[in-house]
Amino acid sequence: MTTEIRTRFAPSPTGYLHIGGVRTALFCYLFAKKNGGKFILRIDDTDQTRNVEEALQPILDGLKWLGIDWDEGPGVGGPYGPYYQSQRNDKYQAAVDKLLEGGFAYRDYARPEELQQEREAAVAAKRTFVYSRRWAAYTEEECRKFEAEGRSGVVRLKMPREGKLVIHDLIRGDVEFDWATEQDHVIQRADGSFIYHLANVVDDHDIRISHVIRAEEHLSNTPRQIFIAQSLGLPLPQYAHLPFVAEPGSKTKLSKRKLDKYLKNSDFAKLVRQGTGIADRVGLETTADGFNPVIVDFYRQTGYLPEAILNYLALLGWALDDKSEYFMPNELISLFSFDGVTKSAASFDPAKLFAFQEKHMNNLPSDEKYARTVRYLVAAGWLKVLDGPYAGKTAFNELPDLFPAGTPLALTRHPEMAPESVAALLKGVIAGTGDRIKVSGDILDFVEFFEGDGDFPLDEKAWNKRLVSDPAAVGLLKEFRERLAAVSAAEYTHESLEALFMGFIEEKQIKPAQLIHALRVAATGKGVGIGMFEALELLGRERTLKRIDRVLALLNG
RNA sequence: GGCCCUGUCGUUUAACGGUUAGGACACGGCCCUUUCAAGGCCGCGAUACGGGUUCGAUUCCCGUCAGGGUCACCA
0 MTTEIRTRFA PSPTGYLHIG GVRTALFCYL FAKKNGGKFI LRIDDTDQTR
50 NVEEALQPIL DGLKWLGIDW DEGPGVGGPY GPYYQSQRND KYQAAVDKLL
100 EGGFAYRDYA RPEELQQERE AAVAAKRTFV YSRRWAAYTE EECRKFEAEG
150 RSGVVRLKMP REGKLVIHDL IRGDVEFDWA TEQDHVIQRA DGSFIYHLAN
200 VVDDHDIRIS HVIRAEEHLS NTPRQIFIAQ SLGLPLPQYA HLPFVAEPGS
250 KTKLSKRKLD KYLKNSDFAK LVRQGTGIAD RVGLETTADG FNPVIVDFYR
300 QTGYLPEAIL NYLALLGWAL DDKSEYFMPN ELISLFSFDG VTKSAASFDP
350 AKLFAFQEKH MNNLPSDEKY ARTVRYLVAA GWLKVLDGPY AGKTAFNELP
400 DLFPAGTPLA LTRHPEMAPE SVAALLKGVI AGTGDRIKVS GDILDFVEFF
450 EGDGDFPLDE KAWNKRLVSD PAAVGLLKEF RERLAAVSAA EYTHESLEAL
500 FMGFIEEKQI KPAQLIHALR VAATGKGVGI GMFEALELLG RERTLKRIDR
550 VLALLNG
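Oh and the first sequence: position 528 is 527 in numbering that gives the first Met the number 0, straight run, nothing missing.
Shown next as structure tokens:
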């Protein structure tokens with residue numbers, strides 16, 4: 000009999016998807032898919048004080064966006080549901096009863112402060128704390144006696160106090176523990192609710208998990224889980240404890256709460272600055288609670304590619320060989336194995352993540368780049384959607400990551416322009432920017448093509464340097480303007496414009512720089528940008544002339 | 001503090017007893033160039049320390065040190 004490979008990711012509904020969690024989910028997913036198995040999503044909501052649905056949605060959305068699809072779980076169901084722990088209490092109760100019956104657990108009536116005293120005494124005596132089990136109750140009668148004292152009971156595991164346990168970890172090899180160092184952990188609270196470890200073991204078995212793949216921080220918790228499983232007579236899954244994702248430049252676990260500290264890392268700060276710049280322009284909230292690189296939403300909103308994030312995260316703790324680094328998701332699936340997984344914690348490097356993003360973005364077909372940038376231009380107010388499911392919508396969160404091809408768009412500042420021309424312009428801008436757009440939101444750095452011709456903003460520094468304080472350049476610009484005016488609309492291409500320009504500077508015996516900077520500022524308002532002649536072609540003759548004339552008029556006035 | 005894990009350039013990793021210890025990102029320089037990117041070339045840069053085992057240790061063993069995790073009626 001061959002058993003199916005089944006892995007699970009079991010997030011608790013915290014309201015956001017942590018980047019470290021994604022890494023764990025990804026490895027679970029890759030291992031399952033590589034081996035033709037199933038990846039299951041289970042929700043660890045045993046702590047019921049939270050609003051589960053609301054706090055779960057961002058996590059489901061994030062995983063879906065990344066393409067980490069689950070075969071069983073919320074939304075898709077499956078044969079071993081329910082996939083919410085809060086709905087499985089009957090199973091946990093049955094397990095606790097069985098543990099009690101078998102003598103593997105007991106009811107305990109100790110008060111927290113009494114336990115605390117024992118603990119302190121142990122520390123003072125420099126010995127390992129071992130609960131005296133003084134308030135343990137094994138019969139109904141004992142229970143009633145303690146309850147009469149006003150005590151409330153919990154159920155504790157009755158851990159072995161001798162012998163050793165060896166865990167065969169797929170990544171770490173054999174790890175040995177002394178049973179004596181394990182505590183009598185609570186598995187059911189006084190209010191009858193259940194503790195995670197109990198629920199976890201019961202569910203992993205019920206849901207037929209074959210491989211428990213999780214972060215290293217759970218390694219120390221594994222003995223008690225094994226004890227529960229063995230006491231219940233359940234077969235053990237295979238374990239694989241992944242190194243966790245650490246802070247930039249440190250080995251401490253990455254946390255959502257320490258944004259201020261991470262901001263001192265210049266690469267991290269750079270990432271945040273870029274993201275915030277984009278989010279601000281498309282009208283998104285940028286509070287640290289929801290918008291920060293530890294949370295997946297940050298990347299989605301800034302315009303990262305899922306495949307880039309997956310690629311980077313896969314390399315954080317896994318390597319194929321000494322040279323390959325660039326992988327698409329399907330390649331990761333076919334190449335993944337525990338052999339390549341590292342043992343030590345890997346710190347999150349924002350600069351390297353960004354490098355992967357650049358690479359994947361540069362390999363993106365231009366149609367897809369187009370489909371991904373529209374959202375930013377619409378949300379920032381440069382474009383309007385004329386028809387289709389998103390007609391009239393402007394809020395970023397109401398717009399899709401990828402705009403459907405053929406959606407008719409209008410240019411806010413040039414309402415007269417036909418949708419086909421708008422689409423052609425945007426396509427041209429994307430082609431012109433080449434590899435300058437690193438994240439989809441970067442399109443907002445090239446909106447000079449969407450500005451009005453008579454009122455586009457002029458970069459102050461560039462304006463002063465290239466025009467105000469360079470009268471020679473202005474003279475040349477005036478003259479070159481006439482040459483441009485003489486070009487027919489059909490001839491107004493970057494090739495012929497470049498030829499025209501080169502002829503002009505040769506004739507004038509000058510270097511390109513003596514005119515081209517002035518021309519750029521006049522035509523785009525900026526000191527930097529895409530290739531000059533591509534820019535002129537995109538603008539077209541009429542718009543170029545209008546722009547130059549406006550600037551010339553400003554200089555005279 | 002007990003227990004557990006980890007320790008190769010700044011970061012991420014390769015080398016599974018024999019290499020001038022390799023790559024990528026970052027960084028520095030040069031080239032290209034109308035700006036900004038990109039690209040090309042070059043450079044900087046590591047086996048935590050101490051003992052063993054071995055003809056030979058990054059690799060195996062022991063110790064030290066360092067970092068991290070875990071010890072909740074959180075997950």
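Even glycine gets a Cβ: it sits at the ideal position worked out from N, Cα and C. Here the structure is a predicted model, which means the values were calculated and not measured.
Take residue i as the anchor and find which of the options has the nearest alpha-carbon.
i	options	result
C142	A124, Y303, Y105, L114	Y105
A370	I442, I308, K358, Q273	I442
T301	L319, V281, T286	V281
A318	K257, I308, L331, L270	L331
T23	I212, Y195, Q508	I212
E494	E419, K507, A461, L537	L537
S230	P159, V486, E324, V174	P159
E216	V421, M327, D203, Y238	Y238
H17	P399, P388, R299	R299
L483	A214, L544, L514	L544
N310	L466, V293, L334, D296	L334
A378	D279, Y261, K33	D279
F445	V340, G528, K125	G528
Does residue i come out as helix, strand or coil in the three-state DSSP assignment?
i	result
R155	strand
T6	strand
E481	helix
H184	coil
L62	helix
Y311	helix
S495	helix
M0	Residue placement at M0 is flagged as unreliable, the pLDDT there being 43, under the threshold of 50; the coordinate-derived value follows with that caveat. Residue state, collapsed to three classes: coil.
L382	strand
V51	helix
G76	strand
G14	coil
G172	strand
Does the Cβ-Cβ distance between residue i and residue j come in under 8 Å?
i	j	result
F267	P242	no
K342	I170	yes
G66	P399	no
L55	P12	yes
L253	G14	no
Q92	D202	no
M416	L425	no
E181	R223	yes
A461	K525	yes
R546	A517	no
T432	H210	no
F560	A136	Because the chain spans 0 through 556 in this model, residue 560 falls outside it and cannot be assessed.
Y108	R41	no
L408	K383	yes
Between residue i and residue j, what straight-line distance do the alpha-carbon atoms span, to the nearest angstrom?
i	j	result
R412	M531	22 Å
E3	F337	17 Å
R133	G316	46 Å
R155	K63	39 Å
R374	F353	21 Å
D548	W381	24 Å
Y82	D44	10 Å
I225	L401	46 Å
S323	H359	14 Å
R188	T372	51 Å
R480	A489	17 Å
G72	A179	37 Å
V421	Y491	18 Å
T393	D386	13 Å
D348	F30	24 Å
F449	I294	32 Å
G162	V244	33 Å
Using 10 angstroms around the beta-carbon of residue i, count the other beta-carbons present and answer buried if the total reaches 16, otherwise exposed.
i	result
R87	buried
R272	exposed
R140	The sequence shown places Glu at residue 140, not Arg. Its Cβ having fewer than 16 others within 10 Å, E140 is exposed.
A472	buried
H167	exposed
T251	exposed
G74	exposed
V550	buried
D89	exposed
A9	buried
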